[in-house]
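Take a look at the structure below.
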Ligand code: SF4
Ligand code: SF4
Ligand code: FES
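Protein chains in written order, with my numbering: chain A, 11 to 150; chain B, 1094 to 1436.
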C-alpha cells in the first residue's frame, strides 16, 4: 500500500469530562485511529487561543478542543466562555484562509467513550483529503 | 459646526479653574498637513488647540501612559486629565472604563463632533492634491472638506478622502462626554462591514494568498501594538521571546516564561502574532484605525479586528464601546450562544 497521509491531530481535552471520556474509550478497548496527541487541560475554559495557534505552528494538521457538555463543566461556566472564544478563533482562522475542517470543538462527557472515538474517526477522515497543514506551520 | 473658539474658551476655563491637570488635544503641526497631539498645561496655551478633519490620532492611548506615570509617582497629582475625543475615540474611553483600567473621575472628556463627516486619510488626500501640501483642512457644509492649498481653496467630497474606518463608522458623535462641541449629525454607513464582506467573498485560497502577502511584509516593529489604546497589558505574550535561558535558569522560570512566539519575522510567527493580537482585541477594538495608520508597511491590520467586531455583532449581538456598565464580550456569555459548530 502506498504511504497514505496520516494527519496529526492535537486534542485538548478537559480533565473532568473529555479526558475521562477518552480514557473510557481506551480502557474499553474501543478501536480508533492513533493519530491523536491528547493534551489534558483543566477545563475547556482554560484554553488560550495561543495553545491552538501553537499547535498549528508546530505542525498539527488538525486541532480539537473538547469539554464537558453545557451545564456539566466542573467549574460551572468554563465551557460557556470557551464556546464564545473558540467560535471567534474558528471564524478568524477561516477568515485568513485556513481550511475550516482543521479546527473542531466537541462536547464529550466522561461516559461518552463511543462518541469520542467517532469524533476522532470523522476528524481523521475529513483531514485526509485536504493533506498536510502547511499554512501556519513553521518552515524552519 | 464646532466653533474652535468655544473649544479654546472651554479649555482655558477648565485650566484656569485648576481642577484639571492638563489637556490632551490636537494642535497644528508646523511641518505637515496633519494635526498632532498637544499637551496643554497653561491656560494661555489653550490658544494652540485645534479641531479639524486632520485630527486623526486616537489620543486615548495617552490615558494609558498617564495612568502608568501616575502609578510610579510618590505623590501623584490626582486631578483628572482632560482629553479631546471624537466619536470613535470616546468608545475607547468607554472600553477603558468598562475594564476598570481608568476611573471616570480620572478623566474629563471634551467631545467633538465629526460633523457628519470624519477625518481624512493622509494618503488619499496627498493623491488628490497630486503631491501638493494642504495648508488647512476644514469641515465644510454637508459631506465636504474644504482644503486650502497654495492659497487656493478646493472643496472635496468627504467620501473621496475619508479615512477607511470613517467610511464604516457607526458613532461619529461622542458616546460619552463631560462637554461636547458641535452638533450631532447622524451619518449611518450603508454597510458598516463592507471591507470585511469584500474579503469574505473571496475563495479560501484567495483569502490565504491575500493575508500571506500582507502579513509576510510585517517586520514586527510592534508599532500597531504601541499605538493601540487597548493594548495596555503590562506583560504581553509576544514579549516572552526576550527571555534568555541560561545555565542557572530554574525550571520554575522556564515554566513561567514560555516562548510562545519568536521575534524573527518568519511567516508563521507573523501569523501567530497577528491572530493573537486580533483575538485579544475581540470585543475591545473600537476601530480607531490607529494600528493600520501606524504600520510602516501598509498592512491592513485593522481588518482582522474588524472581522471579529462583525462576528461579535452577528454571533453574540455584542457592540463594543457604547456602555461602560455592560460586561465585556469575553467575560460574559448567554445560555443560547450559538454552538452549531460544536460536535
Ligand atoms: S506595525 Fe506593521 S510592521 Fe509593525 S508589527 Fe504591526 S503589522 Fe507588523
Ligand atoms: S486594534 Fe487598531 S483599530 Fe482597534 S483599538 Fe487598537 S489601534 Fe484602534
Ligand atoms: S471542566 Fe470540562 S469544560 Fe470545564
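Note that CB positions come from ideal geometry on N, CA and C, so glycine has one too.
List, in chain order, every chain B residue whose beta-carbon is nearer than 7 Å to that of residue i.
| i | result |
| --- | --- |
| residue 26 (chain A) | Within 7 Å Cβ-Cβ: nothing; residue 26 (chain A) doesn't reach chain B, min ~17 Å. |
| residue 60 (chain A) | 1330, 1353 and 1369 |
| residue 97 (chain A) | 1408, 1431 and 1434 |
| residue 18 (chain A) | Those within 7 Å of residue 18 (chain A) in chain B number zero; the least Cβ separation is about 16 Å. |
Can you pull the chain A residues whose beta carbon is under 8 Å from the beta carbon of residue i, in chain order?
| i | result |
| --- | --- |
| residue 1312 (chain B) | The premise fails here: residue 1312 (chain B) is roughly 18 Å from chain A at the closest Cβ pair, so nothing lies under 8 Å. |
| residue 1298 (chain B) | 107 |
| residue 1359 (chain B) | 148, 149 and 150 |
| residue 1426 (chain B) | 87, 90, 91, 93 and 94 |
| residue 1071 (chain B) | Here chain B covers residues 1094 to 1436 and nothing more, so residue 1071 (chain B) does not appear. |
Quick one: does the C-beta of residue i sit closer than 7 Å to a heavy atom of ligand 3?
| i | result |
| --- | --- |
| residue 123 (chain A) | no |
| residue 42 (chain A) | no |
| residue 126 (chain A) | no |
| residue 32 (chain A) | no |
| residue 26 (chain A) | yes |
| residue 1096 (chain B) | no |
| residue 1115 (chain B) | no |
| residue 1326 (chain B) | no |
| residue 85 (chain A) | yes |
| residue 45 (chain A) | no |
If you compare alpha carbons, which of the options is closest to residue i?
| i | options | result |
| --- | --- | --- |
| residue 64 (chain A) | B:1396, B:1382, B:1352 and B:1425 | B:1352 |
| residue 1188 (chain B) | B:1158, B:1368, B:1405 and B:1414 | B:1414 |
| residue 1035 (chain B) | B:1234, B:1380, B:1312 and B:1107 | This structure cannot speak to residue 1035 (chain B), because chain B is shown only from 1094 to 1436. |
| residue 69 (chain A) | A:20, A:119, A:124 and A:13 | A:20 |
| residue 130 (chain A) | A:80, A:81, A:27 and A:73 | A:73 |
| residue 1161 (chain B) | B:1327, B:1221, B:1209 and B:1273 | B:1327 |
| residue 1155 (chain B) | B:1171, B:1145, B:1168 and B:1132 | B:1132 |
| residue 1119 (chain B) | B:1127, B:1112 and B:1378 | B:1127 |
| residue 1152 (chain B) | B:1174, B:1297 and B:1240 | B:1174 |
| residue 1169 (chain B) | B:1184, B:1370 and B:1114 | B:1114 |
| residue 128 (chain A) | A:18, A:31, A:27 and A:22 | A:31 |
| residue 1396 (chain B) | B:1408, B:1410, B:1411 and B:1379 | B:1379 |
| residue 1185 (chain B) | B:1222, B:1423 and B:1416 | B:1416 |
| residue 1425 (chain B) | B:1435, B:1433 and B:1411 | B:1411 |
| residue 1179 (chain B) | B:1270, B:1243 and B:1321 | B:1270 |
| residue 1158 (chain B) | B:1322, B:1420 and B:1429 | B:1322 |
| residue 1149 (chain B) | B:1246, B:1265, B:1373 and B:1375 | B:1265 |
| residue 29 (chain A) | A:83, A:17 and A:59 | A:83 |
| residue 1183 (chain B) | B:1361, B:1268, B:1369 and B:1103 | B:1268 |
| residue 1117 (chain B) | B:1209, B:1142 and B:1407 | B:1142 |
| residue 1121 (chain B) | B:1197, B:1206, B:1228 and B:1111 | B:1228 |
| residue 1350 (chain B) | B:1363, B:1340, B:1329 and B:1199 | B:1329 |
How about residue i: is its Cβ closer than 7 Å to a heavy atom in ligand 1?
| i | result |
| --- | --- |
| residue 1181 (chain B) | no |
| residue 1394 (chain B) | yes |
| residue 1371 (chain B) | no |
| residue 1312 (chain B) | yes |
| residue 1390 (chain B) | yes |
| residue 1207 (chain B) | no |
| residue 1316 (chain B) | yes |
| residue 1210 (chain B) | no |
Give a yes or no on whether 8 Å exceeds the smallest Cβ distance from residue i to chain E.
| i | result |
| --- | --- |
| residue 94 (chain A) | The chain inventory of the structure shown lacks chain E, comprising the protein chains A and B. |
Compute the minimum distance between the beta carbon of residue i and the heavy atoms of ligand 2, and state whether it is under 7 Å.
| i | result |
| --- | --- |
| residue 1382 (chain B) | yes |
| residue 1151 (chain B) | yes |
| residue 65 (chain A) | no |
| residue 1322 (chain B) | yes |
| residue 1378 (chain B) | yes |
| residue 1265 (chain B) | no |
| residue 1493 (chain B) | The first residue shown for chain B is 1094 and the last is 1436, placing residue 1493 (chain B) beyond what the model contains. |
| residue 1135 (chain B) | no |
How would you list, in chain order, the residues of chain A whose beta-carbon sits under 9 Å from the beta-carbon of residue i?
| i | result |
| --- | --- |
| residue 1266 (chain B) | In chain order: nothing, as chain A lies at least about 29 Å away. |
| residue 1364 (chain B) | 63, 66, 67, 106, 145 and 146 |
| residue 1379 (chain B) | Near residue 1379 (chain B) there are no residues of chain A at all, since even the closest Cβ is about 17 Å away, more than 9 Å. |
Under 7 Å Cβ-Cβ, which residues of chain A neighbour residue i?
| i | result |
| --- | --- |
| residue 1114 (chain B) | Those do not exist, as residue 1114 (chain B) stays about 38 Å from chain A at its closest Cβ, beyond 7 Å. |
| residue 1375 (chain B) | 98 |
Applying a beta-carbon distance threshold of less than 9 Å, which residues of chain B neighbour residue i?
| i | result |
| --- | --- |
| residue 102 (chain A) | 1368, 1371, 1372, 1375, 1397, 1400, 1401 and 1404 |
At least 3 beta-carbon pairs within less than 8 Å: the segment 1312-1324 of chain B vs the segment 1386-1396 of chain B: Touching, per the Cβ criterion.
For the structure I just gave you, are there three or more beta carbon pairs, one from the segment 96-105 of chain A and one from the segment 121-138 of chain A, closer than 8 Å? Too few Cβ pairs lie closer than 8 Å, so no.
For the segment 1177-1201 of chain B, enumerate the residues whose C-beta is nearer than 8 Å to any C-beta of chain A, in chain order. Correct list: empty, as no residue qualifies.
Pull out every residue of the segment 114-135 of chain A whose Cβ sits closer than 7 Å to any Cβ of chain B, in chain order. Across the segment 114-135 of chain A, CB contacts with chain B closer than 7 Å involve 114, 115, 116, 117 and 129, in sequence order along the chain.
Given a limit of 8 Å on CB to CB distance, which residues of the segment 1384-1404 of chain B reach chain A? Residues 1397, 1400, 1401 and 1404.
Along the segment 1125-1140 of chain B, what residues have a CB closer than 7 Å to any CB found in chain A? If the cut-off is 7 Å between Cβ atoms, the segment 1125-1140 of chain B has nothing near chain A.
For the segment 1329-1348 of chain B against the segment 1284-1295 of chain B, do three or more pairs of beta-carbon atoms, one drawn from each stretch, fall closer than 8 Å, so that the two count as touching? No, the segment 1329-1348 of chain B is not in contact with the segment 1284-1295 of chain B.
Given 8 Å, three or more beta-carbon pairs between the segment 1214-1231 of chain B and the segment 1246-1257 of chain B: Taking 8 Å as the limit for Cβ pairs, the verdict is that the segment 1246-1257 of chain B does touch the segment 1214-1231 of chain B.
Does the count of Cβ pairs from the segment 1398-1410 of chain B and the segment 1338-1358 of chain B closer than 8 Å reach three? By the Cβ rule, the segment 1398-1410 of chain B does not count as touching the segment 1338-1358 of chain B, because fewer than three pairs are nearer than 8 Å.
Pair every Cβ in the segment 104-116 of chain A with every Cβ in the segment 1295-1310 of chain B, then say whether three or more of these pairs are closer than 8 Å. When C-beta atoms of the segment 104-116 of chain A are compared with those of the segment 1295-1310 of chain B, three or more pairs fall below 8 Å, so the two segments count as touching.
Where the segment 1281-1308 of chain B meets chain A: residues whose CB sits under 9 Å from a CB there: Here the close residues are 1289, 1292, 1293, 1295, 1296, 1297, 1298, 1299, 1300, 1301, 1302, 1303, 1304, 1305 and 1308.
For the segment 88-98 of chain A against the segment 49-56 of chain A, are there 3 or more C-beta pairs whose distance is under 8 Å? The segment 88-98 of chain A makes contact with the segment 49-56 of chain A: 3 or more CB pairs, one atom from each, lie closer than 8 Å.
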